[in-house]
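Visitor: One structure, as C-alpha cells, below. Some questions next.
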DNA sequence: GATTGGTGAATGAATCGTCATTCATTTTTA
DNA sequence: TAAAAATGAATGACGATTCATTCACCAATC
C-alpha cells in the first residue's frame, strides 16, 4: 500500500495515523450504508489497505464503532467542560452548550450521521452508552439547570432532569433533521432558535 | 402449530390474525435484539410457526419491518387527526398531540423500542420515512403552531417549522429515555412537564 | 557500496459460520 | 379427495475473521 514508514522516528506517528485513517474511513462507510450493511472490506478499500490490515488495528468490526463513540464523546465532553469553566451564569452556560453541540456535529456531517443514526440503531449500544458518555452529558446540562434555579434565573417548578432532556431532545432533533435534509444549511445558528423557545416559551405574553 | 382455522367465516379472520401474530412476534424479537441481530427463525419460533410460514405472509424480513412502520404510523396519524378535529384552540391541540404521542408509545414498550431504535437505525428507513409518515406528523404540529400564531396565542417571532421540531424532539427524547430506563414509570404524564417548558419557557419572570 | 538475514507490518485468498429464502413433501381443511 | 396451508430441511450467498505468505526496511557484515 501507500507509503508507510520512512525513518525510525516517523514510524510511530504513522501507526497512530493509520488507526486514525481506518476510523475515518469507517465513519465514511458507516455514514453511507449503515453499520450492518457495511463490510469490513468496504472500510479497508476506503482506507486504501488490505482487508486483513484492519485487524492489526482493531479487534473486530464492532470495536471500530466502539472506538469511534468513545473517542468522539470523550472529546466532546472534555471540550464542553473546558469552555463552560470560562463562563458565568447558568443561562450563558446553556447557550454555550447548545452552540457547541450544534457546531460540533454541524462541522462534520459524516460523523454526525454515524452519531445520530448508528448510536441509536442498537439498544445494546444505547444502554452501554447511556451509562457512560451520554449520561454524563445529560448530567452536565441538568446541573447547570439546577444551578440556574438556585441562582433564581430559572423557574423552580420544573424538574431539572426533565428540563435537561427537553433541551437535549430539541437539539438532537435539529441535528437529525439536518442530516436527513436534502438542502444544506448551517446547523449551528439553530441553537439560538432553540434557546428562544427554551428560555422564553412559545406563548404570547 | 396452533389452531388456525375452524369454519368458513373464521378462516379469513384468522388469516389476518396470523399476519398480525407474526408482526407482533417480530416486534417482540426486534425489540429484544434489534433488527439485524434477529433471525427470521426467531420470529417464527416466537409466533409458534415454521420458518417457511413467515414467507406466506411477508415477502421478506425487510417487509415485516416496513409493514410495521407503515401501519403504526398510519394508525397514529389517523387517531391524531380524529382527536384534533374535536378540539378548539392551538394550545389545547398541541397538548392533545403531546399526550397522544406519549400515551401511545407509553402503552406498548416493545412497539416503542422498535419505533425509537430501529426506525433511526437506518438512514435508508429514515429517508423514506421522512418523506412519508414522519413528515406528515411534523406538518400537523407545524400547522397547529402557525394557526396559534395567527390566533395570537403564540409568539410571532418564531419559525413554526423549528418550533415543531423542538416539540417533537423533546417528546421523542422522553420516549427514548423511558425505553432505556431501568426503572418503570408512566410515560404519559411527562407530556405536561414538557408543555410547561414549551409554552412558558424556563426563565423566571 | 553491496549483500544478507532478521523483524514486524501488510496482504488477500481461503475458511467457517451464519442466515434469508426456497420448495418438495406433509398436513389440514372443505 | 382436491385444494390450500404449513412445514422444515436444504440451498446458496454472503462476509467477518484468520493465517500462510510476501514485502519493506534496517543494520551488521563483507
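Protein chains in written order, with the working numbering: chain L, -1 to 203; chain A, -1 to 203. Backbone N, C-alpha and C fix where the C-beta goes; we use that ideal spot for every residue, glycine too.
1. Can at least three beta-carbon pairs, one atom from the segment 84 to 104 of chain L and one from the segment 142 to 155 of chain L, be found at a separation below 8 angstroms?
2. Using a cut-off of 7 angstroms between C-beta atoms, extract the partners of residue 170/A located in chain L.
3. Taking only beta-carbon positions, decide if residue 164/L is within less than 8 angstroms of chain A.
4. Just checking, does the segment 56 to 70 of chain L make contact with the segment 176 to 192 of chain A on the three C-beta pairs under 8 angstroms criterion?
5. Got a sec: which bits of the segment 179 to 195 of chain L sit with their beta carbon under 8 angstroms from any beta carbon on chain A, in order along the chain?
6. Could you tell me the distance, in whole angstroms, from the CA atom of residue 21/A to the CA atom of residue 116/A?
7. If contact means a Cβ-Cβ distance below 7 angstroms, which residues of the segment 134 to 151 of chain A contact chain L?
8. Chain A partners of residue 197/L, CB-CB under 9 angstroms?
9. Given that a residue counts as buried once 16 or more other Cβ atoms are within 10 Å of its Cβ, and exposed if not, what is residue 29/A?
10. Measure from the alpha carbon of residue 27/L to the alpha carbon of each residue in 137/L, 40/L, 122/L, 51/L, then state which is nearest.
11. In whole angstroms, give me the CA-to-CA distance for residue 151/L and residue 139/A.
12. Using 8 angstroms as the limit for Cβ to Cβ distance, is residue 34/L near chain A?
13. Name, please, each residue of chain A whose Cβ falls closer than 8 angstroms to the Cβ of residue 125/L.
14. Looking at the structure shown, is residue 56/L part of a helix, part of a strand, or coil, going by DSSP?
15. Based on DSSP bridge pairs, tell me the residues matched to residue 152/A.
16. Could you give the distance in angstroms between the alpha-carbon of residue 59/A and the alpha-carbon of residue 190/L?
17. Quick one: is residue 48/A buried, meaning 16 or more other Cβ sit within 10 Å of its Cβ, or exposed?
18. Under 8 angstroms by Cβ, that's how I've got residue 19/L and residue 45/L pegged, so tell me the actual separation to the nearest angstrom.
19. Is DSSP giving residue 37/A helix, strand or coil here?
20. Run the CB neighbour count on residue 137/L, radius 10 Å, all protein chains shown included, and call it buried at 16 or more, exposed below.
21. Flag residue 120/A as yes if its beta-carbon sits less than 8 angstroms from any beta-carbon of chain L, otherwise no.
22. Please state whether DSSP places residue 119/A in a helix, a strand or coil.
23. Among 185/A, 186/A, 153/A, 187/A, which has the Cα closest to the Cα of residue 194/L?
24. Answer with buried or exposed for residue 163/A, where buried requires no fewer than 16 other C-beta atoms within 10 angstroms of its C-beta.
25. I'd like to know whether the C-beta atoms of residue 125/L and residue 88/L end up nearer to each other than 8 angstroms.
26. Contact criterion: CB-CB distance below 8 angstroms. Does residue 1/L meet it with respect to chain A?
27. Tell me where the alpha helix (DSSP H) around residue 171/A begins and ends.
28. Distance check for residue 86/A and residue 74/A, CA to CA, integer angstroms please.
29. Measuring straight from C-alpha to C-alpha, what distance separates residue 16/L and residue 108/L?
30. Figure out for me which residue from 185/L, 35/L, 192/L has the closest Cα to the Cα of residue 158/A.
31. State the DSSP-derived secondary structure class of residue 47/A, mapped to helix, strand or coil.
32. For residue 206/L, which residues in chain A fall below 9 angstroms Cβ to Cβ?
33. Taking all protein chains shown into account, do 16 or more other C-beta atoms lie within 10 angstroms of the C-beta of residue 170/A, making it buried, or fewer, making it exposed?
34. Any Cβ of chain L within less than 8 angstroms of the Cβ of residue 38/A?
35. List the residues of chain L that residue 63/A touches, going by C-beta distances under 7 angstroms, in chain order.
Guide: Quick answer:
1. In short, these stretches touch, since the Cβ pair count reaches three.
2. Residue numbering aside, residue 170/A sits at position 172 when the second chain is read from its first letter. Per Cβ cutoff of 7 angstroms: 167, 171.
3. Numbered from 1 along the first chain, position 166 holds the residue referred to as residue 164/L. Answer yes: the Cβ-Cβ gap between residue 164/L and chain A drops below 8 angstroms somewhere.
4. In this structure the segment 56 to 70 of chain L does not touch the segment 176 to 192 of chain A; the number of beta carbon pairs closer than 8 angstroms is below three.
5. Listed by position, the residues of the segment 179 to 195 of chain L near chain A (Cβ gap below 8 angstroms) are 188, 191, 192, 194, 195.
6. Walking along the second chain from the start, residue 21/A turns up at place 23. Walking along the second chain from the start, residue 116/A turns up at place 118. For residue 21/A and residue 116/A, the distance between alpha carbons rounds to 15 angstroms.
7. Cβ contacts with chain L come from 150, 151.
8. Residue 197/L sits at position 199 when you count from the first residue of the first chain. Within chain A, the residues placing a beta-carbon under 9 angstroms from that of residue 197/L are 199, 200, 201, ordered along the chain.
9. What you label residue 29/A is simply residue 31 of the second chain in a count that begins at 1. Around the beta carbon of residue 29/A, 16 or more other beta carbons lie within 10 angstroms, which makes this residue buried.
10. As a position in the first chain, residue 27/L is number 29, starting the count at 1. The candidate whose alpha carbon is nearest that of residue 27/L is 40/L.
11. Walking along the first chain from the start, residue 151/L turns up at place 153. Walking along the second chain from the start, residue 139/A turns up at place 141. Taking the straight line from one Cα to the other gives about 30 angstroms.
12. Residue mapping note: residue 34/L aligns to position 36 of the first chain, counting from 1. Residue 34/L counts as touching chain A.
13. Along the first chain, one-based indexing puts residue 125/L at 127. By Cβ distance, chain A contributes 178.
14. Sequence index remark: in the first chain, residue 56/L carries index 58 (1-based). In the three-state scheme derived from DSSP, where H, G and I count as helix and E and B as strand, residue 56/L is classed as coil.
15. Counted from its first residue, the second chain places residue 152/A at position 154. Beta-bridge pairing links residue 152/A to 201/L.
16. Sequence index remark: in the second chain, residue 59/A carries index 61 (1-based). Sequence index remark: in the first chain, residue 190/L carries index 192 (1-based). Rounded to the nearest angstrom, the gap between the Cα atoms of residue 59/A and residue 190/L is 43 angstroms.
17. Translated into the one-based positions of the second chain, residue 48/A becomes position 50. With fewer than 16 other Cβ atoms within 10 Å, it is exposed.
18. Along the first chain, read from residue 1 onward, the residue named residue 19/L stands at position 21. Along the first chain, read from residue 1 onward, the residue named residue 45/L stands at position 47. Residue 19/L to residue 45/L, Cβ: 5 angstroms. Contact.
19. For the purposes of this step, residue 37/A is taken as residue 39 along the second chain, with counting starting at 1. It is coil, neither helix nor strand.
20. On the first chain, residue 137/L is found 139 positions in, with the first residue counted as 1. Flag for residue 137/L reads exposed.
21. Sequence index remark: in the second chain, residue 120/A carries index 122 (1-based). At least one chain L Cβ lies under 8 angstroms of residue 120/A.
22. Here residue 119/A corresponds to residue number 121 of the second chain, with the count starting at 1. Assignment of residue 119/A by DSSP, reduced to helix, strand and coil, places it in the coil class.
23. Position 196 of the first chain holds residue 194/L. Residue 194/L has its Cα closest to that of 153/A, out of 185/A, 186/A, 153/A, 187/A.
24. As a working note, residue 163/A is residue 165 in the second chain. Residue burial annotation: residue 163/A is buried, with at least 16 other C-beta atoms found within 10 angstroms of its C-beta.
25. As a working note, residue 125/L is residue 127 in the first chain. As a working note, residue 88/L is residue 90 in the first chain. No, the pair does not count as a contact, with Cβ atoms beyond the cut-off.
26. For the purposes of this step, residue 1/L is identified with residue 3 of the first chain, where counting begins at 1. Because residue 1/L carries a pLDDT of 33, less than 50, the predicted location of this residue cannot be relied on, and the following value inherits that uncertainty. For residue 1/L, not one C-beta of chain A is nearer than 8 angstroms to its own C-beta.
27. Here the question's residue 171/A lines up with position 173 in the second chain. Counting along the chain, the alpha helix (DSSP H) containing residue 171/A begins and ends at 158 to 178.
28. Sequence index remark: in the second chain, residue 74/A carries index 76 (1-based). Sequence index remark: in the second chain, residue 86/A carries index 88 (1-based). In a straight line, the C-alpha of residue 74/A is about 20 angstroms away from that of residue 86/A.
29. Residue mapping note: residue 16/L aligns to position 18 of the first chain, counting from 1. Residue mapping note: residue 108/L aligns to position 110 of the first chain, counting from 1. The straight-line gap separating the alpha-carbon atoms of residue 16/L and residue 108/L is approximately 19 angstroms.
30. In the second chain, the residue the question calls residue 158/A occupies position 160. From the listed residues 185/L, 35/L, 192/L, the smallest Cα separation to residue 158/A is found for 192/L.
31. One-based indexing of the second chain puts residue 47/A at position 49. Coil at residue 47/A, not helix or strand.
32. The structure shown does not extend to residue 206/L, since chain L is modelled only from -1 through 203, so no value can be given for it.
33. Sequence index remark: in the second chain, residue 170/A carries index 172 (1-based). Within a 10 Å sphere around the beta-carbon of residue 170/A sit 16 or more other beta-carbons, which makes this residue buried.
34. Start at 1 with the first residue of the second chain, and residue 38/A comes out as number 40. Output row for residue 38/A: interface = no.
35. In the second chain, counting from the first residue as 1, residue 63/A sits at position 65. Simply none; closest approach about 13 angstroms.
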